[in-house]
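Chains as they are written, first to last, in my numbering: chain W, 41 to 250; chain G, 16 to 635.
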Amino acid sequence: MDQTRRAWLGTMAMAPVVLGLAASAAGERRWQDIPPREQIRRRRLPNVPLVTHTGRHVRFYDDLIRDRKVVISFMYAHCEGICVPVTHNLVKVQRLLGDRVGRDLFFYSITLKPWQDTPAVLASYAEANHVGPGWSFLTGSRADCETLRRRLGFTDPDPKLDRDPKNHAGNVLYGNEPLMLWAACPGQSEPEWLVTEICSQVDRPVTAPA
Amino acid sequence: MPGAEPRWTRLRRAAFQARQEIIRARLTRREMLKLGLLTSAGTLAAISGLSDRASADGGGGCGTSPRTRSFVEPLPIMPMLPPVPLAALDPPPQREPNLAINPATGIEFEGRGRFNGKVRPGTDAFQFFDQYAPQQYFLTRMKETRVMISPDLPEQVLWGFDLGDSGPAITPGPTIVNRIGVPNLLRRVNLLPPEGQNGGFGIPSVSTHLHNFHSGSESDGGPCRYFERGQYFDYHRTMAFAGFDSTHPGQGDPNEMLSTLWYHDHRIGNTAQNVYKGLAGFHLDFDERDTGQEFTGFHLPSFPNFDIPLLLTDKVIDPDTGKVCFDLFNFDGILGDKFLVNGKIQPFLDVKKRRYRFRVLNVGPSRFYQLFLTDPKHPSTRLPFWVIANDGNLLPTPVQVESFTIGVAERMDIIVDFAKLPGNPSTLRLENRLVQEDGRGPNDELHAAGKGDQLLEFHVGEVVADGSVDPATQPHFLDLPSTNEAPRITRHFKFERGNGQWQINGRFANCDQIRFRVKRNTAERWILQNDSGGWQHPIHIHLEEFQILKLNGAVVKSGTVDRSRKDVVRLVHNGTAEVFLRFRDFRGDYPMHCHNVIHEDHAMMLIWAVDDVGDNKTEP
Numbered sequence: 041m042d043q044t045r046r047a048w049l050g051t052m053a054m055a056p057v058v059l060g061l062a063a064s065a066a067g068e069r070r071w072q073d074i075p076p077r078e079q080i081r082r083r084r085l086p087n088v089p090l091v092t093h094t095g096r097h098v099r100f101y102d103d104l105i106r107d108r109k110v111v112i113s114f115m116y117a118h119c120e121g122i123c124v125p126v127t128h129n130l131v132k133v134q135r136l137l138g139d140r141v142g143r144d145l146f147f148y149s150i151t152l153k154p155w156q157d158t159p160a161v162l163a164s165y166a167e168a169n170h171v172g173p174g175w176s177f178l179t180g181s182r183a184d185c186e187t188l189r190r191r192l193g194f195t196d197p198d199p200k201l202d203r204d205p206k207n208h209a210g211n212v213l214y215g216n217e218p219l220m221l222w223a224a225c226p227g228q229s230e231p232e233w234l235v236t237e238i239c240s241q242v243d244r245p246v247t248a249p250a
Numbered sequence: 016m017p018g019a020e021p022r023w024t025r026l027r028r029a030a031f032q033a034r035q036e037i038i039r040a041r042l043t044r045r046e047m048l049k050l051g052l053l054t055s056a057g058t059l060a061a062i063s064g065l066s067d068r069a070s071a072d073g074g075g076g077c078g079t080s081p082r083t084r085s086f087v088e089p090l091p092i093m094p095m096l097p098p099v100p101l102a103a104l105d106p107p108p109q110r111e112p113n114l115a116i117n118p119a120t121g122i123e124f125e126g127r128g129r130f131n132g133k134v135r136p137g138t139d140a141f142q143f144f145d146q147y148a149p150q151q152y153f154l155t156r157m158k159e160t161r162v163m164i165s166p167d168l169p170e171q172v173l174w175g176f177d178l179g180d181s182g183p184a185i186t187p188g189p190t191i192v193n194r195i196g197v198p199n200l201l202r203r204v205n206l207l208p209p210e211g212q213n214g215g216f217g218i219p220s221v222s223t224h225l226h227n228f229h230s231g232s233e234s235d236g237g238p239c240r241y242f243e244r245g246q247y248f249d250y251h252r253t254m255a256f257a258g259f260d261s262t263h264p265g266q267g268d269p270n271e272m273l274s275t276l277w278y279h280d281h282r283i284g285n286t287a288q289n290v291y292k293g294l295a296g297f298h299l300d301f302d303e304r305d306t307g308q309e310f311t312g313f314h315l316p317s318f319p320n321f322d323i324p325l326l327l328t329d330k331v332i333d334p335d336t337g338k339v340c341f342d343l344f345n346f347d348g349i350l351g352d353k354f355l356v357n358g359k360i361q362p363f364l365d366v367k368k369r370r371y372r373f374r375v376l377n378v379g380p381s382r383f384y385q386l387f388l389t390d391p392k393h394p395s396t397r398l399p400f401w402v403i404a405n406d407g408n409l410l411p412t413p414v415q416v417e418s419f420t421i422g423v424a425e426r427m428d429i430i431v432d433f434a435k436l437p438g439n440p441s442t443l444r445l446e447n448r449l450v451q452e453d454g455r456g457p458n459d460e461l462h463a464a465g466k467g468d469q470l471l472e473f474h475v476g477e478v479v480a481d482g483s484v485d486p487a488t489q490p491h492f493l494d495l496p497s498t499n500e501a502p503r504i505t506r507h508f509k510f511e512r513g514n515g516q517w518q519i520n521g522r523f524a525n526c527d528q529i530r531f532r533v534k535r536n537t538a539e540r541w542i543l544q545n546d547s548g549g550w551q552h553p554i555h556i557h558l559e560e561f562q563i564l565k566l567n568g569a570v571v572k573s574g575t576v577d578r579s580r581k582d583v584v585r586l587v588h589n590g591t592a593e594v595f596l597r598f599r600d601f602r603g604d605y606p607m608h609c610h611n612v613i614h615e616d617h618a619m620m621l622i623w624a625v626d627d628v629g630d631n632k633t634e635p
C-alpha cells in the first residue's frame, strides 16, 4: 500500500517514481534555531519594493515595518463601497491619536489595484480624505501588492470572494513588530474603540519590568 | 464526487487527499525532498495544490507539521489544584478590588476593578460575598512552562498555570475541583514573561473565564476584564445553583447542576493566541449526586481513576523549528494537523475492562469534530457508547450513540464500557471522522472508518471491579428545568460576514458598548441566525446555560443529546437556533460570541448586561 502511495505521489510531483524507500526512524532530524521574530518576518512581512503617495521608493519590511508600531489596511482609490467608511473611520482614528502618528505609530494603506492607483492617484485620495502626516498610501507592482495582501492575511477561502477586492478592505491590522504583537479588527468599528484596540496591543509593556 | 463540483473545490480536495496520502505513506523529510514534495524550507511544495494555503497566503502560513509518531506516549492526566490556607494569599482577598498601587509594577495590585484597561473605582465588588463567604481558597500562577508534546519534537515553551506552590507551571492547567455548597475564592497571578519573550505569539495580558459557571460579571473572566503582568485577579464562586437569589432562594435550583466546565483565556482580540499558547484547563464540580465516587449518588465512575478529562486541541508545528506555530495573520480560522489530547500528540491510555467516564472538551481554535470509537483491526464494527452530559450538564438519562459532534468549547461527557464492546477489542481509538479543510467549518462529509484523525488509542487491560451504574439500565439524572415561563422578549441576532469582517447584527465587538439590557430574573427567547454564507459558528452565551427549543426550524426532541442545558450552540450553514434563557441572580455585563476563537478575536462578539429594568431592543 505504501509503495502504491509513493508511486502515486511521485507521479504527482512529476519526479521519477521511487519505489521501496526505506522508512528512516523518526526523531533524527535537526531543528533550525530561527528566532520567532525572524520567522514572522520571513513568513508574513516580505521586503517588497513599494512607492508611497509622495513618490518615495521604500522597502516594506526594512523601511516601513522594522522596529515600528504600525496600523495596516488595504484600499483602492475608486472604491465606492467599503473603502469609503473605513478610510473615513481611520481618519477619525488618526485625529484621536494626535501627533504621535508619524512619530511612534505609522499608518499604511496598500492599494488592491496598483494598476490604477499610481502615486499621483493615491496622493489625490489622501488629500481628498484629509489624511494627516504619518499615513502612507502605498502602491507597487501588481505581483508585490498581491504578495502583501496574501502574506498579511487579507484573503478569503472562497476563491470567488477572494478575487473581489472589496472583500479585503474591511479589516485593519496593527502590530508592534519588535515585540511580535499582532492583532486585527474590523475597520468599521467605532473610532474610539479602534484607538483602544490599537493602543492596548502596540503600547506595551504597560508595567515596569518585574 | 458530483460532476458539478467547481474546479477550485476539486483542487482543494485533491490537495487535502494528497496530504492525507503523505501522512499515511509515512514519508520522511528526506524522502519527500527527493520526491520533490517538500521545499528546502520544509513546507509542502506548491505543486498540484499540495499546500492548500499556498495560494491563499502566498506561502506565509506555518506550513505543514513534521512527522510525529502516534500512540508512543501515555495520556497525561492533569493534577488537581490543591486548596491553600487563606494566609497563602498576600495581600489578603477582599470584597472590593485591591486598587492600591504595587510599587514593584507601578500599577494596581489587583486587576479586578479595571475594565478594558481602565480602572473604574467603585465597581466589581463581589456580589453575594457575605452570603456565600469563601470557605476554601485556591492560588495559581500563570507562567512560562517547558513541555514535551511529542518525543519527536524539541522542547516547547508554552504558557500554563502552577499548582499554587511556586513549582513549574503545567499546560493544560491543573484540574480545578470544586464542591457545590462550599463557596471559594481563587487567585490567579499573572507572572507571564514580558513582551518580546513570547516565542512568537501570546500577549501577557489575560482574562481567565470559567466557561459556563454561574458567576457574577466581576468573577466571570470576561473579555474586557484583562489584567497585566505582576497583577493578580481574585475570582469568587458562590458554589450555589442558578436561582439562589430568585426562583430557589438559598442553594438554587438543583436541576441547574453544572458538572464539566473549563477555564481559558478570554482576552479581547487575543484569545486565540493565548489559548493556543496553553492557557486552558478543566474545572469540575461535584455535589451529593454527581459525587465523583461510584458507590454513592448517581454511581458515576469514580474520579479520578475512572473519570478522565480529555482536552482536545489541534495545532500546527513549524517544520523548520519543531515549535508550536500560531499564525498571527489568519483571520478565518486555524486548523491544526497535529492532534493533542491533554497536551500530548496522539497519546495512548491504558484502561481496565470496565466503565469509564470521559469528559471530552474541544479547545479549538477552529475545528469541529465528529468523534467515534474505532477498532483499528475491524474499523467497520460499530462501537456504541453513552452520552450522559452535554456541555457538562447531566442529561435526564443516558443516550446511546455511535458518535457525537463537538464544536469549539463544547463538552460531552460519555460512558464507555470496555467490557461490553462488540468484538471485545483489545485496542481501540478515539477517531475524528469529520472532514474539515479550512476555518469555515466542516462540509458534513465523513472520512471512512479508520481513515480519520486518530486522537487517542485505548489499550484495554484486565477485568476489574466496577461499582458504577450501567447506562443501559437508564438511570435518571437531572430533570430539565421548565421552559414554560413566558419570555419577556424575543430578540433576533444575525451572525454575518461582510468585507472580511465578522459581525453580529451588522456591528462589531466593543467593550465600551452595552448592546442591550436584560431585566434580572426574567426569561427571554433569542433567535440566533447564521447569515454568513459558507461558515459555521459555535455561539457561546455567558451567565446561565440555555435550552435549545428549535434547531434549524425543527423542535429538539426529548431523549436526544441536544435536548439538554447548553452553553454553546453550533450554527451550521444558514442555520438557526431558537433558545430559551434565564438571567437570574447576578447583575452585570456578559458577552455573547462565536467560539471559533479566530472569529471571536475578529469581533464576532457583543456585550449585554443584566440590570433591574431591561430594555425592549428586539434586534440589538
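Think of the CB as a built atom: it goes at the ideal place given N, C-alpha and C, for glycine as much as any other residue.
Query                                                                                                                     : Result
9 Å Cβ cutoff met for Asn514 (chain G) and Gly121 (chain W)                                                               : yes
Span of the beta strand (DSSP E), counted from its first residue to its last, around Asp432 (chain G)                     : Arg426 to Asp432
Complete alpha helix (DSSP H) runs within the segment 93–166 of chain W (minimum length 4 residues, chain order)          : 123–137
Thr58 (chain G), DSSP secondary structure in three states                                                                 : Residue confidence for Thr58 (chain G) is low, a pLDDT of 43 falling below 50, so the modelled location carries little weight and cannot support an answer.
Touch test, the segment 566–583 of chain G against the segment 428–448 of chain G, Cβ-Cβ under 8 Å, three pairs minimum   : no
C-beta neighbour in chain G for Ala209 (chain W), strict 9 Å                                                              : yes
Nearest-angstrom Cα separation, counted from Asp459 (chain G) out to His557 (chain G)                                     : 28 Å
Check whether Val204 (chain G) and Tyr152 (chain G) have beta carbons under 9 Å apart                                     : no
Span separating the alpha-carbon of Cys340 (chain G) from that of Asp333 (chain G)                                        : 5 Å
Amino acids of chain G, ordered along the chain, whose beta-carbon sits closer than 9 Å to that of Pro245 (chain W)       : Pro209, Glu210, Gly211, Pro219, Glu243 and Arg244
Buried or exposed by the 16-neighbour rule on C-beta atoms within 10 Å, applied to Ile116 (chain G)                       : exposed
Cβ shell of Asn169 (chain W) (< 8 Å), same chain only, five flanking positions each side left out                         : Thr127, His128 and Val131
C-beta neighbour in chain W for Ala463 (chain G), strict 9 Å                                                              : no
Chain G contact for Asp157 (chain W) (CB, 9 Å cutoff)                                                                     : no
Collapsed DSSP secondary structure at Leu443 (chain G) in the structure displayed                                         : strand
Inter-residue CB distance, Asp342 (chain G) and Gly121 (chain G) (contact presumed, cutoff 8 Å)                           : With 8 Å as the limit, Asp342 (chain G) and Gly121 (chain G) do not qualify as a contact, their Cβ atoms being about 34 Å apart.
DSSP-derived helix/strand/coil call for Ser234 (chain G)                                                                  : helix
Helix, strand or coil at Arg374 (chain G) according to DSSP, with G and I counted as helix                                : strand
Terminal residues of the alpha helix (DSSP H) in which Asp365 (chain G) lies                                              : Element bounds for Asp365 (chain G): not the alpha helix (DSSP H) but the beta strand (DSSP E), Phe363 to Lys368.
Residues that Asp616 (chain G) contacts on chain W, provided the C-beta gap is smaller than 9 Å                           : Ala223, Ala224 and Cys225
The segment 212–219 of chain G in contact with the segment 255–264 of chain G per 3-pair CB rule at 8 Å                   : no
Alpha helix (DSSP H) segment containing Trp222 (chain W), residue limits                                                  : Here Trp222 (chain W) belongs to no alpha helix (DSSP H); instead the beta strand (DSSP E) covers Leu221 to Pro226.
Segment contact, 8 Å Cβ cut-off, at least three pairs: the segment 607–620 of chain G with the segment 241–258 of chain G : no
Proximal chain W residues relative to Thr336 (chain G), where beta-carbon distance stays under 9 Å                        : Trp71, Gln72, Asp73, Ile74, Pro76 and Gln79
Alpha helix (DSSP H) runs contained entirely in the segment 230–301 of chain G, provided each spans 4 or more residues    : 286–291
Selection of the segment 443–462 of chain G by Cβ proximity to chain W, strictly under 8 Å                                : Asp453, Gly454 and Arg455
Pick from G:Leu471, G:Arg127 and G:Leu200 that is closest to Ala84 (chain G), judged by C-alpha positions                 : The question names Ala, yet the displayed sequence has Arg at residue 84 (chain G). Arg84 (chain G) has its Cα closest to that of G:Leu471, out of G:Leu471, G:Arg127 and G:Leu200.
Closer than 9 Å to chain W by CB, Gln528 (chain G)                                                                        : yes
Chain-ordered chain G contacts of Phe147 (chain W) [CB-CB under 9 Å]                                                      : Neighbours of Phe147 (chain W) on chain G: none; closest Cβ ~18 Å, over 9 Å.
Minimum Cβ-Cβ distance from Ser240 (chain W) to chain G less than 9 Å                                                     : yes
Per-residue burial, Ser64 (chain W) [other beta carbons within 10 Å of its own, 16 or more giving buried]                 : Its pLDDT being 38, under 50, Ser64 (chain W) is placed unreliably in this model, and the coordinates cannot settle the point.
Distance, His393 (chain G) Cα to Thr247 (chain W) Cα                                                                      : 58 Å
Interface partners of Met115 (chain W) on chain G, CB under 9 Å                                                           : Correct list: empty, because the minimum Cβ distance to chain G is about 11 Å.
Contained beta strand (DSSP E) runs [length at least 3] in the segment 317–349 of chain G, N- to C-terminal order         : 322–332
Option nearest Gly237 (chain G) by Cα separation, candidates G:His279, G:Glu210 and G:Pro208                              : G:His279
Pair within 9 Å by beta-carbon distance, Ala538 (chain G) and Leu566 (chain G)                                            : no
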